[in-house]
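Below is one structure, written out as structure tokens; the observations come after it.
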Amino acid sequence: MRVPSCTVQATPVAAGIAIGRVMLIHSEAQETKNVTITPEMVPAELERFHTALAITKKELQELQEKLRIKLNDSEADIFEAHLLLVDDRTMVAEVERSISEELFDAESAVYRAVDKFAAAFSAVEDAYLQERAVDVRDVGHRIAVNISEVGPQNLVYDEPRIVIASTLTPSETVGMNREKVLGFAVETGSTTSHTAILARSLKLPAVVGLPRQLLDTLTVADKMIIDGFSGKVIINPDAGTEEAYRLKSREAEEIYRQLRGESDLRAVTTDGFSVEIAANVEFQEDYSEIRKNGAGGIGLFRTEFIFMDEKHLPDEDEQFEIYKKLMISAGNDPVTIRTMDIGGDKLNSGIVRSAEQNPFLGLRGIRLCLRERRDLFEMQLRALIRAGVHGNMQIMLPMVSCMDELLETKEIIARQKVELSRRGVPFADSIPLGVMIETPAAAMTADRFAREADFFSIGSNDLIQYTIASDRSNERVAHLYRPAHPAVLRLIKFTVEEAVKQNIPVAVCGQIAEDMSMVPFLLGLGINELSMSSGAMPLVKRLIRSLSMHECGELVGKALLCDNSADVTLLSQEMISRCAPELLDI
Ligand code: PEP
Ligand code: MG
Numbered sequence: 012m013r014v015p016s017c018t019v020q021a022t023p024v025a026a027g028i029a030i031g032r033v034m035l036i037h038s039e040a041q042e043t044k045n046v047t048i049t050p051e052m053v054p055a056e057l058e059r060f061h062t063a064l065a066i067t068k069k070e071l072q073e074l075q076e077k078l079r080i081k082l083n084d085s086e087a088d089i090f091e092a093h094l095l096l097v098d099d100r101t102m103v104a105e106v107e108r109s110i111s112e113e114l115f116d117a118e119s120a121v122y123r124a125v126d127k128f129a130a131a132f133s134a135v136e137d138a139y140l141q142e143r144a145v146d147v148r149d150v151g152h153r154i155a156v157n158i159s160e161v162g163p164q165n166l167v168y169d170e171p172r173i174v175i176a177s178t179l180t181p182s183e184t185v186g187m188n189r190e191k192v193l194g195f196a197v198e199t200g201s202t203t204s205h206t207a208i209l210a211r212s213l214k215l216p217a218v219v220g221l222p223r224q225l226l227d228t229l230t231v232a233d234k235m236i237i238d239g240f241s242g243k244v245i246i247n248p249d250a251g252t253e254e255a256y257r258l259k260s261r262e263a264e265e266i267y268r269q270l271r272g273e274s275d276l277r278a279v280t281t282d283g284f285s286v287e288i289a290a291n292v293e294f295q296e297d298y299s300e301i302r303k304n305g306a307g308g309i310g311l312f313r314t315e316f317i318f319m320d321e322k323h324l325p326d327e328d329e330q331f332e333i334y335k336k337l338m339i340s341a342g343n344d345p346v347t348i349r350t351m352d353i354g355g356d357k358l359n360s361g362i363v364r365s366a367e368q369n370p371f372l373g374l375r376g377i378r379l380c381l382r383e384r385r386d387l388f389e390m391q392l393r394a395l396i397r398a399g400v401h402g403n404m405q406i407m408l409p410m411v412s413c414m415d416e417l418l419e420t421k422e423i424i425a426r427q428k429v430e431l432s433r434r435g436v437p438f439a440d441s442i443p444l445g446v447m448i449e450t451p452a453a454a455m456t457a458d459r460f461a462r463e464a465d466f467f468s469i470g471s472n473d474l475i476q477y478t479i480a481s482d483r484s485n486e487r488v489a490h491l492y493r494p495a496h497p498a499v500l501r502l503i504k505f506t507v508e509e510a511v512k513q514n515i516p517v518a519v520c521g522q523i524a525e526d527m528s529m530v531p532f533l534l535g536l537g538i539n540e541l542s543m544s545s546g547a548m549p550l551v552k553r554l555i556r557s558l559s560m561h562e563c564g565e566l567v568g569k570a571l572l573c574d575n576s577a578d579v580t581l582l583s584q585e586m587i588s589r590c591a592p593e594l595l596d597i
């Protein structure tokens, strides 16, 4: 049965409009029980279920064996009960029925069968049998986890669809088949969560904050419109609404087409100051396409996404080929490659050795590289300096919070050069090494860093989260996560002033570089380069061409005296409505 037509307000995180039927997907992080499939997907789902059953059985036997060695037979026999459940014909038949007849995907079918059996055990007035309910849930969960590891949900749908999910991890997003996805509507997340960043990179419309209730009721038969400009989500629209959105989508495309037509024009203010515009890259993309959108280089290549496949970590040569291809395609344009920023919400269980209570404050980025995965870090640095001979490369370090991290990396790079010379392998000898300013600690010691680093790039997504102590991917504190917070402006101001003293450039590569209401402040603060998703470049360039640097400087003076971010934002909105009113509607 289809859900009645309705409209809900979510939060827009990637521009554009998507119209299509939905595909609800299981997330690693969640026990969804109502993911439906189309009849043609039944054989593939049955296969996933049976493969996972076999893996679970093997796992339990191995666990039993280990326990037998460490403890004694009676402890090991706990797993006997679990093994019996895996083989239980009634349970297996129930899951098969749920997949084939009710058209639930394998994980949902397992969780539903588990609910049924566990409820039956719990209802019996016998302490022993009631305990079995716990076993059933335990085994069920183990099977479901193994199903998701057997492979991503089958995306063999008849047509591309809008992905809806409670949570989507960056690795799930990276693993998705681009051709099969029209857009994303997700319950959790925010503009700067990495899933939103990836959606923008894929140029797919996306919203977050989809109500839970919809996730529980929508099926593959339901249609949806997501408006990535306003955040509106329309379920089962009538023909008139659908047509109106198709028109809106065509109009938006037309405006972007016109803006792209100006992409060769430089980003120069009305009083003659120019700002470099560069692209953020998350996938192995063709730079010529990025350049067409108006980029003068790559300001941030987030290399961690090439390490997201848990089954395969690229070795030195494979990485070298990826970096080399990018360098060659960029020609003389500068390419800033960030060493892997694994941790936080970007996890790979093959790299990160232990789960953390608070991963955003944990062993993330340079910390992980220096403390726990120096092997991978050294390998990446070797691949980078080798590829550096093919173009104009800069290397950048993420999540730096103290000077030792930069100095230690310099030593490692020096050692890798010795190693490559010994092997007779060519490498670039003088690649600029910069740090991301994305912790308040780095910003407040910018005077020291500026003496050792060749450039700065402000990672505002993290700088805001750590300055305001507001998790960037938690929608519950999104009201506090304010780019225009005077504290953030002050940190950027100090960073730029110290960089100027040492004559090193400062870029911004976080989301604020493409946030229209923040761009006037960044210009006024003296930022040299703005790096952003390539879709946003034409718009930001047009805005810069409408602004005066002199006025932006004055605006910053006023903003620094404001009490709160709302007052700061009003200042820039007033300026944009005066200087570039045509951009307000986009
Ligand atoms: C940032 O923090 O602003 C940044 C660019 O890095 P990431 O979003 O990948 O953390
Ligand atoms: Mg960051």
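Residue numbers for the sequence shown follow the numbering used here, beginning at 12 and rising by one. Built from N, CA and C at the ideal position, the CB exists for glycine as well.
By the three-class DSSP mapping on this structure, what secondary structure does S481 have?
Looking at S481 - three-state DSSP - the assignment turns out to be coil, as it is neither helix nor strand.
Return the residue from the list K127, L536 and V244 that minimises the CA-CA distance to V218.
V244
Is it buried or exposed for R13, if we count other Cβ within 10 angstroms and need 16 for buried?
exposed
Anyone know if the C-beta pair for M173 and M235 falls short of 7 Å?
Inspection of the sequence shows that residue 173 is occupied by Ile rather than by Met. Their beta carbons are under 7 Å apart, which means I173 touches M235 by this criterion.
Determine the direct distance from the alpha carbon of E540 to that of A25, and round the result to whole angstroms.
22 Å
Excluding five sequence neighbours on each side, which residues of the same chain lie with their C-beta closer than 7 Å to the C-beta of Y122?
Excluding sequence neighbours, Y122 sits near E42, K44, G151 and A155.
Less than 7 Å separating the beta-carbons of E449 and G470?
yes
Run the CB neighbour count on Y492, radius 10 Å, all protein chains shown included, and call it buried at 16 or more, exposed below.
buried
Distance check for V19 and N165, CA to CA, integer angstroms please.
For N165, the predicted model reports a pLDDT of 49, less than 50, meaning its position is unreliable and no value from the coordinates is stated.
Does any heavy atom of the ligand MG sit closer than 6 Å to the C-beta of G470?
yes
Kindly indicate which three-state DSSP category R277 falls into: helix, strand or coil?
coil
Quick test of the definition: if touching needs 3 or more C-beta pairs under 8 Å, does the region 530-539 touch the region 496-512?
yes
Just to confirm, are E389 and R364 a CB contact at a threshold of 7 Å?
no
CA-CA distance, I301 and M407?
In a straight line, the C-alpha of I301 is about 20 Å away from that of M407.
Under 6 Å Cβ to Cβ from G31, same chain only, skipping five residues before and after it: list those, please.
R172, I173 and L193
Quick one: grab the DSSP three-state call for P497.
helix
Beta carbon of I246, beta carbon of C17: below 7 Å?
yes
For the alpha helix (DSSP H) holding P451, just list the boundary residues, first then last.
It spans P451 to M455 - the alpha helix (DSSP H) in which P451 sits, taken as one unbroken run.
Which residue marks the beginning of the alpha helix (DSSP H) containing I339, and which one marks its end?
E327 to A341
If we call anything under 7 Å between Cβ atoms a contact, is A117 one with E76?
no
Which complete alpha helix (DSSP H) runs does the region 135-205 hold, if anything under 4 residues is left out?
Listed in chain order, the complete alpha helix (DSSP H) runs (minimum 4 residues) inside the region 135-205 are 138-161 and 181-185.
Can you give me the C-alpha to C-alpha distance between R375 and S111, rounded to a whole angstrom?
43 Å
Identify, in the order they occur along the chain, each residue of the same chain with its Cβ nearer than 6 Å to the Cβ of C563, setting aside the five sequence neighbours on each side.
P531, L534 and G535
Cα-Cα, which of R108, M560 and Q405 is closest to M447?
Q405
Determine the direct distance from the alpha carbon of S542 to that of I288, and round the result to whole angstroms.
In this structure, the alpha-carbon of I288 lies about 6 Å from that of S542.
Quick one: Cα of N359 to Cα of M560, how far?
Straight-line Cα distance between these residues: approximately 43 Å.
Applying the 10 Å Cβ sphere with the 16-neighbour rule, what's the burial state of N304?
buried
Which residue wins for smallest C-alpha separation from R409, given the options L381, Q269 and R189?
Before going on, a small fix: residue 409 reads as Pro here, not Arg. Ranking the options by Cα distance to P409, first place goes to L381.
DSSP state of F467, grouped into three classes?
strand
Does the Cβ of D473 have 16 or more other Cβ atoms within 10 Å, making it buried, or fewer, making it exposed?
Under this definition D473 is a buried residue.
Within its chain, find whatever has a CB closer than 6 Å to the CB of R108; leave out the 5 residues flanking it on each side and keep chain order.
none
In whole angstroms, give me the CA-to-CA distance for E509 and Y256.
Answer to the nearest angstrom: the Cα atoms are 49 Å apart.
Report the rounded CA-to-CA distance for V286 versus G272, giving the unit in angstroms.
19 Å
Hey, quick one: how far does the beta strand (DSSP E) through C17 stretch, first residue to last?
From DSSP, the beta strand (DSSP E) with C17 extends over C17 to Q20.
Ends of the beta strand (DSSP E) at I28?
I28 to L35
Using a threshold of 7 Å, state whether the C-beta atoms of E253 and L221 are closer than that.
no
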